[in-house]
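**Student:** The structure follows.
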Amino acid sequence: MDDEGKFVIPGEVIYDAEEKKTYVPGKGCYQMQGLVRASTIGYVHIHPHKQGEKTIHYVDVQIGEKVVDTVMPEEGTIVTAIVKDVGQQWAGCHLLSIEDRKISKDFDYILPKKNMRSSLFLSDIEILDCVQPCDIILARIVDYSFQKRAYVLSIAEDELGVVYAKGRKSRLRPLDFETVIDDLTGIKEKRKIAKVPMHLNDELFAKLIQPGESTA
């Protein structure tokens, strides 16, 4: 792609998504009807990033010409994410941090049903017994789906899973690694809890949720 450093204005086409399937729209651009366009005035910057045998090219539009280094997702990396929505086959997630570093870019992430538990057959896995919207999870990046243009996450390992379960009005307290309880109502719910010491869950949550932020 020879558009590195090109000056663009809002609405200007940067590239055809069908022709450049390894290119991912990032900050300052958006995809509509197969075309990736600039959403702001600025300069095009392309960040090639190796993912196993594949190379993904992140495309940004920045106001300044100087490229700022950012933390990029990598296959095998442990990440912290919040579950945004749950479907029949996967949960959609929003990343909060990569390892212990907050991120400055926003990409799409999916947690497939098959990547939620390693001890059960796929037909026996119930997504809502593993994660629910507004839960915070520890997960591993295992792949990138060019078809869905999203990173693929997994919580199948024992050490991965929910570290913060959100109830209707308050946080749900883990009873064990399969169950959480609402201390106000006594209602129990199922989750796939990360097998890390509970006090570490509290420390992790405190780092991620700063004053004024919300998981709702």
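Per the numbering used here, the sequence shown runs over residues 8 to 223.
No residue lacks a Cβ here, since even glycine has one placed at the ideal position from N, Cα and C.
In this text, all values refer to a predicted model and were calculated from it rather than measured experimentally.
Please tell me whether Asp142 and Val66 are closer than 9 Å, where the distance is taken between their beta carbons.
**Tutor:** Not closer than 9 Å, so no.
**Student:** May I ask you to report which of helix, strand or coil DSSP gives Glu220?
**Tutor:** For Glu220, the predicted model reports a pLDDT of 48, less than 50, meaning its position is unreliable; a value from the coordinates is still stated below. Coil, per DSSP.
**Student:** Helix or strand or just coil, what does DSSP make of Asp23?
**Tutor:** The answer is strand: DSSP assigns Asp23 an E or B state.
**Student:** Where does the unbroken beta strand (DSSP E) through Gln58 begin, and where does it stop?
**Tutor:** Run containing Gln58: Gly49 to Gln58, per the beta strand (DSSP E) assignment.
**Student:** According to DSSP, simplified to helix, strand and coil, what is Lys173?
**Tutor:** In the structure shown, Lys173 sits in a strand (DSSP, three-state: E or B).
**Student:** Going residue by residue through the segment 132 to 193, where are the continuous beta strand (DSSP E) segments of at least 3 residues, counting only ones entirely within it?
**Tutor:** Fully enclosed beta strand (DSSP E) runs of 3 or longer: 143 to 152, 157 to 161, 168 to 173, 178 to 181 and 186 to 188.
**Student:** Near Phe7, what residues of its chain come up, given a Cβ to Cβ distance below 7 Å and the 5 sequence neighbours on each side ignored?
**Tutor:** There is no way to answer for residue 7, as the model of the chain reaches only from 8 to 223.
**Student:** Determine, using beta-carbon pairs with one atom in the segment 78 to 88 and one in the segment 100 to 107, whether at least three such pairs fall under 8 Å.
**Tutor:** The segment 78 to 88, when compared against the segment 100 to 107, does touch it at the 8 Å Cβ threshold.
**Student:** State the Cα-Cα distance for the pair Ile148 and Ala201, rounded to the nearest angstrom.
**Tutor:** Approximately 16 Å, taken between the alpha carbons.
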